[in-house]
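To keep things clear, I will list the structure first and then write my remarks on it.
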Amino acid sequence: MENRDKEQFRKLFIGGLSFDTTEETLKKYFEQWGKLTDCVVMRDPSSKRSRGFGFVTFSSAEEVDDAMAARPHKIDGRVVEPKRAVAREESGKPGAHLTVKKLFVGGIKDDTDEHHLREYFQTFGNIETIEVITDRQSGKKRGFAFVTFDDHDPVDKVVLQKYHYVNGHNAEVRKALSRQEMMDAQSSRSGRGGVYAEQVVIACLFKIAKAAVVVIL
Numbered sequence: 004m005e006n007r008d009k010e011q012f013r014k015l016f017i018g019g020l021s022f023d024t025t026e027e028t029l030k031k032y033f034e035q036w037g038k039l040t041d042c043v044v045m046r047d048p049s050s051k052r053s054r055g056f057g058f059v060t061f062s063s064a065e066e067v068d069d070a071m072a073a074r075p076h077k078i079d080g081r082v083v084e085p086k087r088a089v090a091r092e093e094s095g096k097p098g099a100h101l102t103v104k105k106l107f108v109g110g111i112k113d114d115t116d117e118h119h120l121r122e123y124f125q126t127f128g129n130i131e132t133i134e135v136i137t138d139r140q141s142g143k144k145r146g147f148a149f150v151t152f153d154d155h156d157p158v159d160k161v162v163l164q165k166y167h168y169v170n171g172h173n174a175e176v177r178k179a180l181s182r183q184e185m186m187d188a189q190s191s192r193s194g195r196g197g198v199y200a201e202q203v204v205i206a207c208l209f210k211i212a213k214a215a216v217v218v219i220l
């Protein structure tokens, strides 16, 4: 278990803020669930107008859990959207900021069954379904599974933690995205330009070129 005192476990992103909400209002509201070490409403550098979202950092991860358990939250007449802040090094990955209830779990060994997954992941939240994926013909496990929760917060909580050991084995976890969600996430990132966009374009051109070669042959 990682040290939950790290800032990444103590920080919440707050979306949907009223443009009238200030740091003072935001701080006073979330102090109902614990001591805040930082509170900021993000503003436009030029106009200083609120951008409609902010961040609050609690003194402990347990206080974050309490605040999330108390949803929905309403500030200055608006229902806001709190969720666990994505670590800076993870924020560039496709789908990092999407809200999903389904978790991909890789690295599943042959001796790991559904009850092992349930025993481990139920500590993060209420589980609706668990799917251990098997080969249709042989029935053998393919080494991965999907865990669906009744809320997005357990998924956000799981992926914040880098290391997970299920039935004594290291497991890889990430948000399970549908094909459409993955395409939307990649489209959003490519729209920002930069190296990633270039890589997407190059990959697409490469696929087109390969298809053309096949047709010609």
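Residue numbers (this note's numbering): 4 to 220. Ideal Cβ placement from N, Cα and C applies to all residues, glycine included.
Given histidine 172, which residues of its chain have a CB within under 7 Å of its CB, disregarding the five upstream and five downstream residues? Gly110, Lys112, Thr115
Since arginine 121 is in the alpha helix (DSSP H), which residue starts that stretch and which ends it? 117-124
Using only CA atoms, which one of Lys96, Val161, Thr28, Gln140 lies nearest to valine 150? Val161
Whole-Å CB distance - arginine 87 paired with leucine 163, under 8 Å assumed: 6 Å
Quick one, which of Asp138, Asp8, Tyr123, Asp159 has its alpha-carbon nearest glutamate 65's? Asp8
Please list the terminal residues of the continuous alpha helix (DSSP H) segment that includes proline 157. 156-163
Run through the DSSP bridge pairs and tell me what isoleucine 130 is partnered with. Phe152
Tell me the residue span of the beta strand (DSSP E) that contains valine 44. 39-46
Does the contact criterion of 3 or more C-beta pairs under 8 Å hold for the segment 19-29 versus the segment 74-85? yes
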